[in-house]
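One structure below.
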Amino acid sequence: MDKFKTQQPSGRYRVVSSSNSTRKVGLTSTELQSKAPSSPTKRSVALAKHYAHKLHEWKSAHQYLGRYSVQKLLRFDEYQRTTSLTRVMLWIFLTPLPSLLLIIAVAVIPLENPLLGAALNSTCFMQSALSYTLMTFALLLFMRMALGWIDHKYPHWVALMISVLTAASNEAAMTCLAFGWRFPVPFRDLLGMVSFAPLLVLFHMAFLGKFILRNRHHLGRYMRLFLAQCSVLFVFVVIAIIFRRVAYSTQVALTLLFPFLRAAFKRLIWRFASCLDDISTDISVCVIEIFGSLYQNSCLQNVRSPEIAALMVLIDFSQAVIETRMYLSHKFIVDGRTAVTTALKILESALPYASNCDENGTMVSSAKDATVIANLRSVSVMLDPTGTKKTKVRNIWHRSRTCIAITDTEPMTSASDVKVDGVSSPRKRESVDQIMLDNNESAKLLEQTLQLLFASEVLVFVEYVEVALPIVFGIYTAALSQLPYAAYSTAFIGTTRTQMTLSLASTAVYVCFEALSLVFMVVLVQRKYGFNALYQLGFVLETYWPTIQGKLMGSLVLIFNLSTVHHGKSTLNYMIAVTHCTHTLPSGLDLSLQFDWERVLNGTS
1 MDKFKTQQPS
11 GRYRVVSSSN
21 STRKVGLTST
31 ELQSKAPSSP
41 TKRSVALAKH
51 YAHKLHEWKS
61 AHQYLGRYSV
71 QKLLRFDEYQ
81 RTTSLTRVML
91 WIFLTPLPSL
101 LLIIAVAVIP
111 LENPLLGAAL
121 NSTCFMQSAL
131 SYTLMTFALL
141 LFMRMALGWI
151 DHKYPHWVAL
161 MISVLTAASN
171 EAAMTCLAFG
181 WRFPVPFRDL
191 LGMVSFAPLL
201 VLFHMAFLGK
211 FILRNRHHLG
221 RYMRLFLAQC
231 SVLFVFVVIA
241 IIFRRVAYST
251 QVALTLLFPF
261 LRAAFKRLIW
271 RFASCLDDIS
281 TDISVCVIEI
291 FGSLYQNSCL
301 QNVRSPEIAA
311 LMVLIDFSQA
321 VIETRMYLSH
331 KFIVDGRTAV
341 TTALKILESA
351 LPYASNCDEN
361 GTMVSSAKDA
371 TVIANLRSVS
381 VMLDPTGTKK
391 TKVRNIWHRS
401 RTCIAITDTE
411 PMTSASDVKV
421 DGVSSPRKRE
431 SVDQIMLDNN
441 ESAKLLEQTL
451 QLLFASEVLV
461 FVEYVEVALP
471 IVFGIYTAAL
481 SQLPYAAYST
491 AFIGTTRTQM
501 TLSLASTAVY
511 VCFEALSLVF
521 MVVLVQRKYG
531 FNALYQLGFV
541 LETYWPTIQG
551 KLMGSLVLIF
561 NLSTVHHGKS
571 TLNYMIAVTH
581 CTHTLPSGLD
591 LSLQFDWERV
601 LNGTS
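If you number the sequence shown the way the UniProt record's numbering does, the last residue is 605 and the count never jumps.
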């Protein structure tokens with residue numbers, strides 16, 4: 001079809017088909033609408049949509065900063081073809097179970113009244129050592145995954161040995177402090193970091209000294225990201241404590257503010273993500289989503305009225321629906337339902353396979369091709385609307401586009417419109433992940449598809465977390481409330497059975513709405529883009545299980561420790577109370593850190 005360019009009054013050009021004689025050359029429909037008078041209501045609606053779009057762009061920029069590598073696309077395709085739905089569903093339902101069972105097992109260890117002193121609280125030190133062993137191993141799990149160190153150079157048994165020795169040595173130091181100063185130790189977990197960090201470094205050097213020294217620069221770059229994550233976790237702890245203590249109006253304000261805080265914290269994490277070989281370890285499987293969801297449900301169980309609980313549910317459900325709808329609005333140069341299939345056909349033609357499939361239908365390649373793909377760095381890039389310029393993750397603050405890359409070519413209606421035979425196109429060859437493609441359209445479509453899959457991965461994991469973690473936290477709360485441990489947890493002290501029932505009911509309602517949004521997302525993605533988001537979720541849960549288990553287990557252990565009276569939890573409440581005083585301290589506050597533990601235990605402090 002012949003095309004020619006016509007100049008518009010604004011000086012811009014647009015392409016007009018010579019075969020379509022009925023089309024008028026002149027102002028575009030958008031320009032005509034802009035010149036037409038509009039009512040105040042329409043202007044208000046347009047302005048609201050504009051700011052809503054800007055807010056969505058700010059909140060979800062991370063979804064479009066990355067893309068799958070070609071290697072990851074091939075692995076995902078193989079996973080879809082070779083994995084049964086039963087296995088996928090087992091991963092989806094059972095992923096949170098190990099961390100949940102481990103923390104309940106720790107809570108089963110009986111504790112004595114802290115008023116009896118350190119000498120009669122030996123089980124407290126045992127429980128603390130075990131919980132810190134779990135937290136250290138969880139920490140090493142997701143750090144090793146992010147650094148790409150989960151292999152024979154740093155195996156799991158070494159990580160377990162380091163965790164046990166670090167936790168035991170640190171607990172010995174805290175035991176000496178308890179006997180030499182006071183019990184419970186005020187700010188115990190905070191003071192414990194003073195000895196914990198050097199011990200962790202010491203045992204790493206003892207077991208992996210040469211390996212650590214060879215990789216010290218990579219580790220140093222990652223530590224900035226890790227420290228940012230730790231800082232955010234502490235902020236969430238403080239917010240949860242404040243939420244429990246403040247009045248109705250302040251709880252409403254915090255509820256409205258919480259989504260913006262989560263988005264701001266995620267942007268802080270993304271800023272340091274360029275040091276990662278695979279940004280999915282800390283952007284898709286983001287610690288903010290896991291820890292934020294757990295603490296939001298902690299806040300949900302401590303609301304002052306059902307109206308605040310309903311507001312939380314409404315905000316999260318509305319966000320999920322809007323983000324899914326925005327994601328589904330992207331345009332492709334082919335029919336979206338065939339995008340993944342077309343991208344795979346492009347790769348089939350570009351890679352010289354020894355044979356197309358093995359007996360199981362799995363794509364196989366020669367040894368050389370397998371080496372090339374295995375060596376591909378999972379660099380995540382973002383395309384600008386021309387589909388040519390790549391922007392690295394670290395430039396998020398200079399420009400961000402929450403859209404799948406689009407092109408200025410004529411839309412194609414089927415996969416057959418993309419030439420993948422490598423013969424008919426005289427255009428300059430393009431490269432994607434060091435793989436040469438025979439035409440520009442193929443490269444653009446492949447880039448689009450890789451970016452689409454990454455955005456889908458981020459979205460489906462967030463939706464899954466919003467369903468799974470409230471269930472986990474509800475079971476965690478219900479189980480621990482029935483154990484003797486509940487008498488020494490500030491999460492349960494002073495809570496009546498009626499209050500507990502209402503809080504669990506609020507969690508159940510929240511889960512129902514979030515499950516509805518997850519189903520909504522899976523169904524619409526299947527219709528629009530032709531792949532099953534449940535399979536992608538299963539693929540993510542299997543691929544990144546060390547990161548997921550590490551962050552989930554670490555979050556639960558941290559919540560558990562900070563809720564235990566024996567860990568000096570009431571001192572953190574005390575610190576929050578002091579910060580609320582503007583001029584003078586109330587008579588009940590004691591700056592000597594001598595606390596009335598009897599009042600703490602009976603819930604009257």
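From the three backbone atoms N, C-alpha and C, an ideal C-beta is built for every residue, glycine too.
Just so it is clear, the structure is predicted and the values come from calculations on it, not from any experiment.
From residue i to residue j, what does the alpha carbon distance come to, in whole angstroms?
{"i": "ALA505", "j": "LEU537", "result": "27 angstroms"}
{"i": "GLY530", "j": "ILE322", "result": "20 angstroms"}
{"i": "LEU101", "j": "THR95", "result": "11 angstroms"}
{"i": "GLY180", "j": "THR564", "result": "21 angstroms"}
{"i": "LEU344", "j": "VAL70", "result": "9 angstroms"}
{"i": "ARG271", "j": "VAL285", "result": "15 angstroms"}
{"i": "LEU268", "j": "ALA228", "result": "7 angstroms"}
{"i": "ARG527", "j": "MET89", "result": "20 angstroms"}
{"i": "ALA178", "j": "LEU160", "result": "26 angstroms"}
{"i": "LEU556", "j": "VAL238", "result": "16 angstroms"}
{"i": "ILE104", "j": "LEU480", "result": "7 angstroms"}
{"i": "GLN482", "j": "PHE234", "result": "28 angstroms"}
{"i": "THR86", "j": "LYS72", "result": "22 angstroms"}
{"i": "PHE539", "j": "TYR79", "result": "7 angstroms"}
{"i": "GLY26", "j": "PHE454", "result": "Annotation note: pLDDT 48 at GLY26 (below 50); position unreliable, coordinate value reported separately. If you take the alpha carbons of GLY26 and PHE454, they lie about 39 angstroms apart."}
{"i": "LEU445", "j": "PRO186", "result": "59 angstroms"}
{"i": "PRO184", "j": "TRP157", "result": "33 angstroms"}
{"i": "SER456", "j": "ARG188", "result": "42 angstroms"}
{"i": "ARG224", "j": "ASP282", "result": "13 angstroms"}
{"i": "GLN434", "j": "THR342", "result": "19 angstroms"}
{"i": "LEU208", "j": "HIS217", "result": "15 angstroms"}
{"i": "THR338", "j": "THR449", "result": "10 angstroms"}
{"i": "SER489", "j": "THR133", "result": "20 angstroms"}
{"i": "LEU534", "j": "THR83", "result": "12 angstroms"}
{"i": "VAL525", "j": "ASN532", "result": "7 angstroms"}
{"i": "ARG75", "j": "LEU276", "result": "20 angstroms"}
{"i": "LEU541", "j": "LEU116", "result": "45 angstroms"}
{"i": "ARG304", "j": "TYR68", "result": "44 angstroms"}
{"i": "GLN451", "j": "TYR464", "result": "20 angstroms"}
{"i": "PHE243", "j": "PHE260", "result": "16 angstroms"}
{"i": "PRO546", "j": "LEU130", "result": "20 angstroms"}
{"i": "HIS580", "j": "LEU257", "result": "Any reading at HIS580 needs caution, since the residue's pLDDT is 42, under 50, leaving its predicted position unreliable; the model's value is listed next. If you take the alpha carbons of HIS580 and LEU257, they lie about 19 angstroms apart."}
What residues in its chain sit with their C-beta under 8 angstroms from that of residue i, if we drop five residues either side in the sequence?
{"i": "PRO484", "result": "PRO110, LEU111"}
{"i": "PHE317", "result": "PHE513, GLU514, LEU516, SER517"}
{"i": "MET205", "result": "ILE212"}
{"i": "PHE226", "result": "MET143"}
Bridge partners of residue i, per DSSP?
{"i": "GLU441", "result": "In the DSSP output, where bridge partners are listed per residue, GLU441 has none listed."}
{"i": "SER489", "result": "THR564"}
{"i": "ILE435", "result": "VAL432"}
Given residue i, which residues of its chain have a CB within under 6 angstroms of its CB, disregarding the five upstream and five downstream residues?
{"i": "ALA468", "result": "PRO96"}
{"i": "PHE203", "result": "ILE162, LEU165, THR166"}
{"i": "MET312", "result": "THR255, LEU300"}
{"i": "ALA107", "result": "LEU480, LEU483, TYR485"}
{"i": "VAL135", "result": "According to the sequence displayed, residue 135 carries Met and not Val. Excluding sequence neighbours, MET135 sits near GLY554, VAL557."}
{"i": "LEU140", "result": "ALA159"}
Suppose the cutoff is 7 angstroms on Cβ atoms and the five residues either side in sequence are ignored; what does the same chain contact list for residue i look like?
{"i": "SER44", "result": "none"}
{"i": "MET265", "result": "According to the sequence shown, residue 265 is Phe rather than Met. The residues are VAL232, ILE288."}
{"i": "ALA491", "result": "SER563"}
Would you call the region 246-254 in contact with the region 115-130, where contact means no fewer than 3 C-beta pairs closer than 8 angstroms? A contact is defined here as three or more CB-CB pairs under 8 angstroms, and the region 246-254 fails this definition with respect to the region 115-130.
Ignoring anything shorter than 4 residues, give me the alpha helix (DSSP H) runs that lie fully in the region 498-533, in order along the chain. Correct list: empty.
Check whether the region 462-480 touches the region 288-305, counting contact only when three or more Cβ pairs, one atom from each stretch, lie closer than 8 angstroms. The region 462-480 vs the region 288-305: in contact.
Would you be able to state if there are at least three C-beta pairs under 8 angstroms between the region 149-156 and the region 180-194? No, they do not touch.
Along the chain, which unbroken stretches of the alpha helix (DSSP H) at least 4 residues long are found entirely within the region 181-269? Runs of alpha helix (DSSP H) with 4 or more residues, each lying fully within the region 181-269, are found at 188-214, 216-245, listed in chain order.
When you compare the region 547-556 with the region 135-151, are there three or more beta-carbon pairs, one atom per stretch, that lie closer than 8 angstroms? The region 547-556, when compared against the region 135-151, does touch it at the 8 angstroms Cβ threshold.
Scan the region 122-173 and note each continuous alpha helix (DSSP H) run of 4 residues or more that stays entirely inside, going in chain order. The region 122-173 contains these whole alpha helix (DSSP H) runs: 122-147.
Entirely within the region 90-126 and at least 4 residues each: give me those alpha helix (DSSP H) ranges in chain order. Entirely contained in the region 90-126, the alpha helix (DSSP H) runs reaching 4 residues are, in chain order, 97-108.
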